[in-house]
Each structure stands twice: as structure tokens, then as C-alpha cells.
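In the UniProt record's numbering, the protein residues as written are 1 to 331.
C-beta: ideal position from N, C-alpha, C; glycine also.
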């Protein structure tokens, strides 16, 4: 019985579209002084000689990005050292795993050989018992007791040898089973450790790729800053023109404010006059409302009087009609 070997994937095997670790090589054309060394194009050196005012802005922006590049490079170095240590550890674990597998295979082979020896000894015992019975039958017929005793003694010796061999084989088998269990446990533990180390390697590779992308972004940022220095002068000229335009606009705004304040004074006077007129109109409106109210009250009173008169006249008419009817009946 042999356990299948787990498929091992090296940390430097190419996976996906990204290059494998250690596949890239940073080439430097000249030895650069300072904590950070990266490749620059030649056109930025000419700009340093020609434009001194712009170098002040670069000096203020470069140290922060340089510190970022330095920290990222130190992180990459630490990750590379950790990766090398973990590679060595994985190699040691792989060698231990191979040794354990070899021991396990040897133990399994020894176990199968012991089981085969046990089966052969059992077969020999069966054959010896058969021969013993045959010899007993023969010597009982012939009456030779001495040979029977000798054969019985030999049989006892063979049985004792067989029992001692069986005990030794059982002890060996138990020891091999214990060794097999220990090796299986150690094999499982080593496989778990290898899986954990592979996961750590994958995370380290991801961190390394992220750090590399960050360094590339920082280099691009530095190049953009150096390219943007060309546009600073243009922006300064634009700012000067905008300041002149802004002064003109401020003068226009001041003149507009003065005219607006004058208009506000005139409009405030007009509003006051309109408020006075509105108050007068409201008073007139209240007078008209009061007059209309009194007139309506008088009209309502007259309507009430007319209704009462009309009711009285109707009652008198009814009385007269009743009197006329009574007179006609009497006639």
C-alpha cells in the first residue's frame, strides 16, 4: 500500500499573465548615489540644466516619493528574504516527506512479508499435524513407543519454535503498525505544513506583485511630476493674466455696486411711498367695508319687516275669505 504523492507547485512556476518571481531584471546604466536608484530618461537631465526655478518645486516633491520607493524596495527585499527562507524550509520538508514515504513503503513491504511468513508457518503447522497423525497411526500399529516419544518430543520442539516465531512476528507486526501510524501522522502533519507554506508563498507573491506595481506607479508619478514642471511656467503666465482680468472685473464690480446702492436708495424711497399709499387704501377699504356692512344690516332689517307685514296681510286675507264663506253658507 502506497499513498499518492500530492502535486507540488513551485513558487516560481509561471501562473497567469504575470511574470514569475525572479524573471524580471532591473538594469541600471550608471551608479546612482542616494537611497533610491531607478532608471531615468535623458531628457530630464537637460531640463535640470536649463530650468533652475523648476528644480525648487521638484526638490519639494521628490523626497516624499523617494521615501515611498525606498520603503517599497526594503519591503521587497524583506519579502525576497522570507521567500528564500520558506523555499529552503519547503525543500527540507519535501526531503523529509520523501524519507517518510520511503520508510512507509519499507514498513508496508515488511508487513506483507511477515504476513506471508505467517501464512507459510501456518501451512507448515497443518502439514506437521498431518504427518504427526500419520506417524501416530503407524507406530500404534507397530507398537514402537520409543519412536513415538521421539516424534512427540520433536513435535513439541517444533510447536515451541513455531510459537516463539509467531510471538516474534506478532511483536514485529505490532511495532510496524505503530511505526506506520506514527509515519502516517507525521506525513499528514508535514502535508498540512506544506499546504500552509504554499498559502504563505502565494500571499507573499501577491504582496510582492502589489509592491512592484506600487513602485512602478511611484516611478510614473515622479516622471509625471518632472513632465508637469514644464507646464508650471505656462500656468504662472496664465495666472498673471487671470489676475489682471480679475482686477478689471473687481473694478467693474465696484462700479456696479455703487450704481446698485444708488438704485437701492431710490427703490427704498419708492417702496416707502407705496407703503404709505397702501396704508391709505387699506383705511379707505375698511371704511367701505364698514359702510357696506351697515347698509346690509339695514337692508336685512327692512327685509324682516316686509316679511312680517306680508305674513300679517296673508293672515288677514285668510280671515276675510273665511268670513265670506260663512256668510255664503248662512244665505
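- Using a Cβ-Cβ distance cut-off of 8 Å, the stretch 84-91 and the stretch 218-227 are not in contact, since fewer than three pairs of beta carbons, one from each stretch, lie closer than that value.
- Cβ atoms of residue 176 and residue 110 come within 8 Å of each other, at about 6 Å.
- Contact between residue 173 and residue 114 is confirmed by a C-beta separation of about 6 Å, below the 8 Å threshold.
- In the same chain as residue 190, and ignoring 5 residues on each side of it, the C-beta atoms closer than 8 Å to its own belong to 93, 96, 97 and 100, in chain order.
- Ranking 183, 207, 123 and 268 by CA distance to the CA of residue 107 puts 183 first.
- C-alpha of residue 160 to C-alpha of residue 170: approximately 15 Å in a straight line.
- Put simply, of 124, 200 and 72 the residue whose alpha carbon is nearest the alpha carbon of residue 90 is 200.
- With respect to the 8 Å criterion, residue 215 and residue 69 are classified as neighbours on the basis of their beta carbons.
- Spanning the alpha carbons of residue 204 and residue 228 requires a straight line of approximately 35 Å.
- Take residue 186, set aside five residues on each side of it, and the residues of its chain with a beta-carbon closer than 7 Å to its own are 100, in chain order.
- Contact annotation: residue 121 and residue 162 have beta-carbon atoms nearer than 8 Å.
- When only Cα atoms are considered, residue 193 and residue 179 end up about 21 Å apart.
- Rounded to the nearest angstrom, the Cβ distance from residue 75 to residue 220 is 19 Å, too far for a contact under 8 Å.
- With contacts defined by Cβ atoms closer than 8 Å, residue 158 and residue 134 do not form a contacting pair.
- Cβ-Cβ separation between residue 155 and residue 132: approximately 5 Å, consistent with a contact (criterion under 8 Å).
- In summary, residue 72 is buried, with 16 or more beta-carbon neighbours lying within 10 Å of its beta-carbon over all protein chains present.
- When only Cα atoms are considered, residue 207 and residue 81 end up about 13 Å apart.
- By the neighbour-count criterion, in which a residue is buried when 16 or more other Cβ atoms sit within 10 angstroms of its Cβ, residue 254 is exposed.
- For residue 274, the number of other beta carbons within 10 angstroms of its own is below 16, and it is reported as exposed.
- Residue ranges of uninterrupted beta strand (DSSP E) with 3 or more members are absent from the stretch 68-124; none lies entirely inside it.
- Our two residues, residue 104 and residue 112, have alpha carbons roughly 12 Å apart in a direct line.
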